[in-house]
Ligand SMILES: [Zn+2]
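In the numbering used here, the protein residues as written are 378 to 687.
If you want it as structure tokens, here you go:
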């Protein structure tokens, strides 16, 4: 069992209605073109895990699934960097029966998706960060296998960092055994992170973060008090939020990575700064999202893990 599965249960259980279906913002009942799995529909259970659908025959038309994801994640409205290009990035050629999840739309992930015979690959970092470019070289080598294999690619960046249920920050927070006490970390009109409260030595907190992140190294910059009480969490490259953490009255910022100067920011502004790794803080959202699609539509999924160590 993956260690995060109970967290999915916890998260979904909070939002389950009396019919046993999960209620999400933007979800207006059933979606056209969706073939609902009877096991999912009637299962009063707790949470559908892989074992409930060992031979799942569920499928959903790509267009319907994209509509569902766009609504769930508020894709049209959520602010992001222009290159994020959230939503469907590469169209597929068939209904969705099997889903893959990966942090990056890298060459390795794309090949794993094609070889794994998934119909849709969900990623957090998509293909187009450098804007419109000729479909040549590395970009071509990433896109061509998807097109030739008929695999659709869907990317969700800040909307997936921020989402209150399946977002990177929400799931990481719960993996740490903490409950959000509010939002933190503004991008445009949205806040992409969470504020949490605890009371523990900063080394113990660092160790807990390392354990939740699979044992990877967690760098602690000891700029704040020895006792951690008010923490801001922003997944990915959130080192630039040190000053915001100080302004918000927090004593600690947990994020993935940051620039060199953030050491001085943390030390001079009195903030403990933890760097748990960009990749390690962003494996959560795509997995939770794929798990959510299994729950809603009975689609089996797998995670393609290609850690960057960054
Ligand atoms: Zn990221």
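A virtual CB, placed ideally from N, CA and C, is assigned to each residue, including glycine.
Review point. If you draw a straight line from the C-alpha of residue 489 to the C-alpha of residue 581, how long is it?
Key: To locate residue 489, count along the chain shown from 1; it is residue 112. To locate residue 581, count along the chain shown from 1; it is residue 204. Here the alpha carbons of residue 581 and residue 489 stand approximately 37 Å from one another.
* Asked: Can you tell me whether DSSP reads residue 470 as helix, strand or coil?
  -> In the chain shown, the residue the question calls residue 470 occupies position 93. If DSSP states are grouped into helix, strand and coil, residue 470 belongs with coil.
- Where in the stretch 480-564 do unbroken runs of the beta strand (DSSP E), each at least 3 residues long, occur, reported from the N-terminal end onward? 497-502, 529-532, 557-564
Q: Pull up the distance between the alpha-carbon of residue 685 and that of residue 552, whole angstroms please.
A: Here residue 685 is taken as the residue at index 308 of the chain shown, counted from 1. Here residue 552 is taken as the residue at index 175 of the chain shown, counted from 1. If you take the alpha carbons of residue 685 and residue 552, they lie about 21 Å apart.
- Task: List the whole-angstrom C-beta distance separating residue 545 from residue 662, where the pair is believed to meet the contact cut-off of C-beta under 8 Å.
- Result: As a working mapping, residue 545 is identified with position 168 in the chain shown. As a working mapping, residue 662 is identified with position 285 in the chain shown. In this structure residue 545 touches residue 662 by the C-beta definition: roughly 4 Å separates them, less than 8 Å.
First and last residue of the alpha helix (DSSP H) that includes residue 443?
As a working mapping, residue 443 is identified with position 66 in the chain shown. Counting along the chain, the alpha helix (DSSP H) containing residue 443 begins and ends at 439-450.
*In or out: residue 458 buried (at least 16 other Cβ within 10 Å) or exposed?*
On the chain shown, residue 458 is found 81 positions in, with the first residue counted as 1. With fewer than 16 other Cβ atoms from the protein chains shown falling within 10 Å of its own Cβ, residue 458 counts as exposed.
Note to self: Looking at residue 632: is its Cβ nearer than 8 Å to the Cβ of residue 601?
What the structure shows: One-based indexing of the chain shown puts residue 632 at position 255. One-based indexing of the chain shown puts residue 601 at position 224. No, these two residues do not count as a Cβ contact at 8 Å.
**Item:** Closest by C-alpha distance to residue 677, when choosing among 495, 657, 558
**Value:** Counting from 1 along the chain shown, the entry for residue 677 is found at position 300. Cα-wise, what sits closest to residue 677 is 495.
Out of 603, 666, 616, 599, which one is the CA nearest neighbour of residue 536? Residue 536 sits at position 159 when you count from the first residue of the chain shown. Nearest option by C-alpha distance: 666.
Say yes only if the C-beta of residue 502 is nearer than 7 Å to one or more non-hydrogen atoms of ligand 1, and no if none qualify. Within the chain shown, residue 502 is the residue found at index 125, counting from 1. Yes - ligand 1 has a heavy atom lying nearer than 7 Å to the Cβ of residue 502.
Three-state secondary structure assigned by DSSP to residue 617 = The count along the chain shown starts at 1 and reaches residue 617 at position 240. Helix.
Worksheet item: Considering only residues of the same chain and omitting the five flanking positions on each side of residue 502, which have a CB-CB separation below 6 Å?
Response: Stepping through the chain shown from its first residue, residue 502 is reached at position 125. Once the five neighbours on either side are set aside, the close Cβ partners of residue 502 are 481.
ask   = Just checking my contact of residue 486 with residue 498 at CB under 8 Å: how many whole Å lie between their CB atoms?
value = The sequence position of residue 486 within the chain shown is 109, counting from 1. The sequence position of residue 498 within the chain shown is 121, counting from 1. About 7 Å; that satisfies the 8 Å criterion.
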